[in-house]
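Participant: Using mature numbering (1 follows the signal peptide of the UniProt record, and there is no 0), the letters of the sequence shown map in sequence onto residues -18 to -1, 1 to 800.
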Amino acid sequence: MLLLFWLFLFSCIRTSTSTDSLALNQSISDGETLVSEDGTFEAGFFSPGTSSNRYLGVWYKNVTPLTVVWVANRETPLQDDSGVLKVHEKGALVILSGTTGSTVWSSNTSSKAVKNPTAQLLNNGNLVLRNGQDSKEDLFLWQGYDHPSDTFMPGGMKLGWNFVTGKERFVSSWKSADDPAPGEYSLRIDHLGYPQFITFKGSRKKFRGGSWNGVGFSGYPTHQLTQFRSIFVFNEREVYYECEILDKSIISIYTLTPSGLGQTYAWQRNTSSRNVISSGVQDECEKYGLCGANSICKLDGSLPACECLKGYVPKFPEQWNISYWSNGCVSKKKPDCRGNTTDGFWRYADMKLPDTNTSWFNKTMNLEECQKTCLKNCSCTAYANLDIRNGGSGCLLWFNKMLDMKKFSQWGQDLYIRVPSSELDYAMANGQGNRKKLVGIAVGVIIFGLTICACILLNKKRGVARIIYRKHYESILKNEEIYLPTFDLAIIAKATDNFSSSNKLGEGGFGPVYKGTLADGKELAVKRLSENSGQGLEEFKNEVVLIAKLQHRNLVKLLGCCIEGEEIMLVYEYMPNKSLDNFIFDETKRKLLDWPMRFKIIGGIARGLLYLHQDSRLRIVHRDLKTSNILLDANLDPKISDFGLARTLLGDQIGANTTRVAGTYGYMPPEYAVRGHFSMKSDVFSYGVIILEVVSGKKNREFSDSEHYLNLLGHAWMLWSEGKELELLDELLEGICTPSEVTRCIQVGLLCVQQRPEDRPDMSSVVLMLNGEKLLPKPKVPAFYIERDVTPEADSLLMPNYPVFSPNEISMTILEAR
């Protein structure tokens, strides 16, 4: 391998002799090089990647791998190694073919009086053509830095525009690793409106670095690095950006890759191996216009999520609910151009400013003057400081729609969005004192208390109470900024044949669920809040707030809601095969679930849970995971449903306590059932029970062997301990399964139902375990594995602190004093 490497390196640069300059009528051939005075850079002919074509380039002399930073004849390669670089008498560099004598490439001929032109490679990697001994940049006859390739070099290279000559300097990617010809992508300064850095694919914007705010670019708000000094110049003659490295022991460059992503390399000058310190786009929110107009992109973990600006709503709510955001948001209210507006401004902190392509700016205005100027123009939608240094100065205004905004956790910029006065929270926006805030809180508490009292007093008049709660539900949708499609009651009633019993699919704590068919043939599942429901009030909020913000192939999809009169309903996609328990515990239907299908269901549930716990914009504990809450679509793919009891965990929170223990007996872990403590490991326990039920075709709660008084968990543990785990398998699958997969599933199930939460794996580990081949840890004794009696009373005697649950599959809620 070492021999092959050296042969490759030799074929790329073929260095034999070198020189520090090239005078008039002198030349270097393929195999000879120009070297910078300090020995950092080398210029000569090379072949990129696996190509045999030859190009004139500049690279770092002693860095591995070969790091080419500039190419001359990008589009006119030499077909052999006969190339010659020569200084022409008219003040130009030319590449000649030694075979044909023809000119392959030439720099532009200088318009200056030429005297003794000399080519030299400077210590910053800039290949220049001097006019005699002139050393000033503006006296060069020609320089490579005026014609960047795919790499931005600190220490003299400028990216931007000369408005006098119309010349633009920009970085363009290679076509591929084997072809340095200009590719699809380019990094350039867009000088329309207020200048900003943008990465283009052809003429389309792909990523936007944003505008300069005196410290950095608004799209990359980081602390200024002390090793670097950024220079941004913008005046009537030119606009450009350059960077200088203050720490001379460091080398750093930026390269635009053929795929359009930027890579930053850095290394110590005294080393020969470069390091990638930044690779590609940092997150999905950096994709240009991901959220459409008038919308902000935020990150929840590593996933993007869009939200409309205050005073705006999704243009197409039905698209928004399936995370298709590109059509953006529109204003709730048309601008008032009659001069009697009462609009104000809402401050968004730590922002990437909108696209400044159509913005207006003034360098001398202060922020107050900026606001007044915006108010005078009914098309003005936002304003911000031009420069954030020293308390801020200058003015940026946006008109009509705003594009490509992002919310940062810190270091971003303040942006002031124009909104009608009705949308403003005056206590926050106008800086009211704490006294008014306290009064507002007190009034809120009183109103809340009166509402609760009213509901208690009206308990016997459920219709009146439900109207009060309907208003509460509507406020939930508004306050949470959730935009669900709404269905008319008449349409839902017609679709369900007026909620006929023949269309009833089942019933839970929230209420009955009906099948509905719209006029266009689309099938729905309608969950209707029961008038006698002990749940429903808090559960409605959970269903709407949580699942409306979640999108995953293994989660049921919420299509909309109906809040009309006394009726409160949620509308879901219809699952023709109903729930998993309807299959797995039915003597006839479970025959349809062969082992590959059961293994697919086990894996699908795991991926859905992993999304809830780790990959969704909210970290969610389901708290009521069971086979009846796993729905099956037409292909028998599993979808987790019923988020009425779910809870979110914030930040680094790993668990929480509740006095309102809720769930279903047989699926709840001991720490939750006894102490009210729930975490993501609570769902892991429930998932472990589901695995064992799917494998065996038996219910944990109803299984009991008369000899050992064991429930399903205990029975699985006993068989595992005796090396007879395959006896747990549903007898219908004997001889028609993959034993290793069955064993692995049983072992994963037992790992998930261990007594202590810290012993249980997280869902990311579970997914890997199910699909891997590595040895798994040995499980410990499961929780709640002894079943002395099937009655709730007997269980409470077995564990005195254990709350009494219903023996059926209905989710129960227990209030405990603590």
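Beta carbons are placed, not taken as given, at the ideal position from N, Cα and C, and that holds for glycine.
Quick one: residues in its chain with C-beta nearer than 8 Å to the C-beta of Asp231, no 5 flanking neighbours on either side, listed in chain order?
Facilitator: Here residue 231 is taken as the residue at index 249 of the sequence shown, counted from 1. Per the sequence shown, residue 231 should be read as Ser rather than Asp. If we look at Ser231 and ignore the five residues flanking it on each side, its Cβ neighbours are Gln250, Arg251, Asn252.
Participant: Can the beta-carbon of Trp124 be found closer than 8 Å to that of Ala74?
Facilitator: To locate residue 124, count along the sequence shown from 1; it is residue 142. To locate residue 74, count along the sequence shown from 1; it is residue 92. Result yes, Cβ atoms of Trp124 and Ala74 sit closer than 8 Å.
Participant: Could you tell me how far apart the beta carbons of Gln596 and Met751 are, in whole angstroms, since I believe they sit closer than 8 Å?
Facilitator: For the purposes of this step, residue 596 is taken as the residue at position 614 of the sequence shown. For the purposes of this step, residue 751 is taken as the residue at position 769 of the sequence shown. At roughly 15 Å, the Cβ-Cβ gap does not stay under 8 Å, so Gln596 and Met751 are not in contact.
Participant: In chain order, what residues of the same chain lie with their CB nearer than 8 Å to the CB of Ile423, ignoring the 5 residues before and after it?
Facilitator: Reading the sequence shown from its first residue, position 441 is the one you call residue 423. Low confidence applies to Ile423: its pLDDT is 36, below 50, so where it sits in the model is not reliable, and the reading given next is rough at best. Correct list: empty, nothing qualifies.
Participant: With DSSP run on the structure shown, which of helix, strand or coil describes Glu224?
Facilitator: Working through the sequence shown from its first residue, we reach residue 224 at position 242. In this structure, Glu224 counts as strand in the three-state DSSP scheme.
Participant: Could you check what DSSP says for Ser668 in three-state terms: helix, strand or coil?
Facilitator: The residue labelled residue 668 in the question sits at position 686 within the sequence shown. Three-state result, Ser668: helix.
Participant: Nearest CA to the CA of Asp568: which residue from Glu555, Pro336, Ser678?
Facilitator: One-based indexing of the sequence shown puts residue 568 at position 586. If we check each option's Cα against that of Asp568, Ser678 comes out closest.
Participant: Would a C-beta distance cut-off of 8 Å place His604 and Phe581 closer than the cut-off?
Facilitator: Indexing the sequence shown from 1 puts residue 604 at position 622. Indexing the sequence shown from 1 puts residue 581 at position 599. Going by C-beta atoms, His604 is not nearer than 8 Å to Phe581.
Participant: Could you have a look at Arg535 and say whether DSSP puts it in helix, strand or coil?
Facilitator: The residue labelled residue 535 in the question sits at position 553 within the sequence shown. Arg535: coil per DSSP, three-state reduction.
Participant: Reducing DSSP to helix, strand and coil, say where Gly165 ends up.
Facilitator: Residue numbering aside, residue 165 sits at position 183 when the sequence shown is read from its first letter. Strand.
Participant: First and last residue of the beta strand (DSSP E) that includes Leu506?
Facilitator: The sequence position of residue 506 within the sequence shown is 524, counting from 1. Here the beta strand (DSSP E) through Leu506 covers 505 to 510.
Participant: I'd like to know whether the C-beta atoms of Phe327 and Gly376 end up nearer to each other than 8 Å.
Facilitator: Here residue 327 refers to the residue found at position 345 when the sequence shown is read from its first residue. Here residue 376 refers to the residue found at position 394 when the sequence shown is read from its first residue. No, Cβ-Cβ distance for Phe327 and Gly376 is not below 8 Å.
Participant: With a threshold of 7 Å on Cβ separation, who are the neighbours of Asp160 within its own chain once the five nearest residues in sequence on each side are excluded?
Facilitator: Stepping through the sequence shown from its first residue, residue 160 is reached at position 178. Pro30, Gly31, Thr32, Ser33, listed in sequence order.
Participant: Decide yes or no for the touch test of the region 649 to 657 against the region 615 to 625: beta carbon pairs closer than 8 Å, at least 3 of them.
Facilitator: no
Participant: On a Cα-Cα basis, can you pick out the residue from Ser512, Leu16, Glu723, Lys486 that is closest to Ile576?
Facilitator: Counting from 1 along the sequence shown, the entry for residue 576 is found at position 594. Reading off the sequence shown, one finds Asp at residue 576, where the question assumed Ile. Nearest of Ser512, Leu16, Glu723, Lys486 to Asp576, Cα basis: Glu723.
Participant: In angstroms with no decimal places, state the Cα-to-Cα distance between Phe735 and Leu406.
Facilitator: Numbered from its first residue, the sequence shown carries residue 735 at position 753. Numbered from its first residue, the sequence shown carries residue 406 at position 424. It is Val, not Phe, that sits at residue 735 in the sequence shown. Approximately 50 Å between the Cα atoms of the pair.
Participant: Do you know how far the Cα of Thr1 is from the Cα of Arg16?
Facilitator: Looking up residue 16 in the sequence shown gives position 34. Looking up residue 1 in the sequence shown gives position 19. Per the sequence presented here, residue 16 reads as Leu, with Arg not at that position. Going by the C-alpha atoms only, they are around 5 Å apart.
Participant: Can you list, in chain order, the residues of its chain whose CB lies under 7 Å from that of Glu289, leaving out five sequence neighbours each side?
Facilitator: The sequence position of residue 289 within the sequence shown is 307, counting from 1. Excluding residues up to 5 positions away in sequence, Ser277, Ile278, Lys280, Glu463 lie with their Cβ nearer than 7 Å to the Cβ of Glu289 in the same chain.
Participant: Among all the DSSP beta bridges, which residues are the ones paired with Trp577?
Facilitator: Taking the sequence shown and counting its residues from 1, one reaches residue 577 at position 595. BP columns for Trp577 are empty, so no partner.
Participant: If you draw a straight line from the C-alpha of Ala411 to the C-alpha of Ser403, how long is it?
Facilitator: One-based indexing of the sequence shown puts residue 411 at position 429. One-based indexing of the sequence shown puts residue 403 at position 421. Note that Ala411 has pLDDT 41, beneath the 50 cutoff, so the model's placement of it is unreliable and the number below is only indicative. When rounded, the distance between both Cα atoms is 10 Å.
Participant: Going by beta-carbon coordinates alone, are residue 833 and Glu218 separated by less than 8 Å?
Facilitator: Outside the shown range of the chain, which is -18 to 800, sits residue 833, and nothing can be said about it.
Participant: Which residue comes first and which comes last in the beta strand (DSSP E) that contains residue 831?
Facilitator: Residue 831 lies beyond the range of the chain shown here (-18 to 800); nothing can be said about it.
Participant: State the Cα-Cα distance for the pair Ser391 and Trp41, rounded to the nearest angstrom.
Facilitator: As a first step, residue 391 must be located in the sequence shown, where it is residue number 409. As a first step, residue 41 must be located in the sequence shown, where it is residue number 59. Taking the straight line joining both Cα atoms gives about 38 Å.
Participant: Based on Cα-Cα distance, which residue from Arg211, Ser483, Lys72, Leu397 lies nearest to Lys97?
Facilitator: Position 115 of the sequence shown, counted from the first residue, corresponds to residue 97. Of the listed residues, the one whose Cα sits closest to Lys97 is Lys72.
Participant: Which full runs of the beta strand (DSSP E) of 3+ residues lie inside the region 5 to 81, going along the chain?
Facilitator: If we require 3 residues or more, the beta strand (DSSP E) runs fully inside the region 5 to 81 come out as 9 to 11, 14 to 17, 23 to 28, 37 to 42, 50 to 53, 65 to 70, 74 to 79.
Participant: Exposed or buried, which one is residue 805 when buried takes at least 16 other CB atoms within 10 Å?
Facilitator: Because the chain spans -18 through 800 in this model, residue 805 falls outside it and cannot be assessed.
Participant: Answer with buried or exposed for Gly242, where buried requires no fewer than 16 other C-beta atoms within 10 angstroms of its C-beta.
Facilitator: By one-based count along the sequence shown, residue 242 stands at place 260. It is buried - the Cβ of Gly242 has at least 16 other Cβ atoms within 10 Å.
Participant: Measure the alpha-carbon distance for Gly731 versus Ile529 and round it to whole angstroms.
Facilitator: In the sequence shown, counting from the first residue as 1, residue 731 sits at position 749. In the sequence shown, counting from the first residue as 1, residue 529 sits at position 547. One alpha carbon belongs to Gly731, the other to Ile529, and they sit about 26 Å apart.
Participant: Any idea if Gly547 is buried or exposed, counting beta-carbon neighbours within 10 angstroms, 16 or more meaning buried?
Facilitator: Within the sequence shown, residue 547 is the residue found at index 565, counting from 1. In the assembly as shown, Gly547 is an exposed residue. Its beta-carbon has fewer than 16 other beta-carbons within 10 Å.
Participant: Assuming Ser88 is part of the beta strand (DSSP E), what are its boundary residues?
Facilitator: Position 106 of the sequence shown, counting from 1, holds the residue named residue 88. Taken as a continuous stretch (DSSP letters only), the beta strand (DSSP E) holding Ser88 covers 85 to 88.
Participant: List the DSSP bridge partners of Glu713.
Facilitator: Here the question's residue 713 lines up with position 731 in the sequence shown. Per DSSP, none; premise fails for Glu713.
Participant: Alpha carbon to alpha carbon, what distance is there between Lys621 and Ser686?
Facilitator: Position 704 of the sequence shown, counted from the first residue, corresponds to residue 686. Position 639 of the sequence shown, counted from the first residue, corresponds to residue 621. Taking the straight line joining both Cα atoms gives about 29 Å.
Participant: Excluding the 5 residues preceding and the 5 following Gly107 in the sequence, name in chain order all residues of the same chain whose CB lies nearer than 6 Å to its CB.
Facilitator: Residue mapping note: residue 107 aligns to position 125 of the sequence shown, counting from 1. Contacts found: Phe23, Val40, Val51, Met135.
Participant: Helix, strand or coil, according to DSSP, for Cys360 in the structure here?
Facilitator: By one-based count along the sequence shown, residue 360 stands at place 378. Correct three-state label for Cys360: coil.
Participant: Leaving aside the five residues before and after Lys149 along the sequence, list all residues of the same chain whose C-beta is less than 8 Å from its C-beta, in chain order.
Facilitator: Numbered from 1 along the sequence shown, position 167 holds the residue referred to as residue 149. So the qualifying residues of the chain are Asp128, Trp143.
Participant: Rounded to the nearest angstrom, what separates Cys267 and Asp20 at their Cα positions?
Facilitator: If you number the sequence shown from 1, residue 267 lands on position 285. If you number the sequence shown from 1, residue 20 lands on position 38. Approximately 42 Å between the Cα atoms of the pair.
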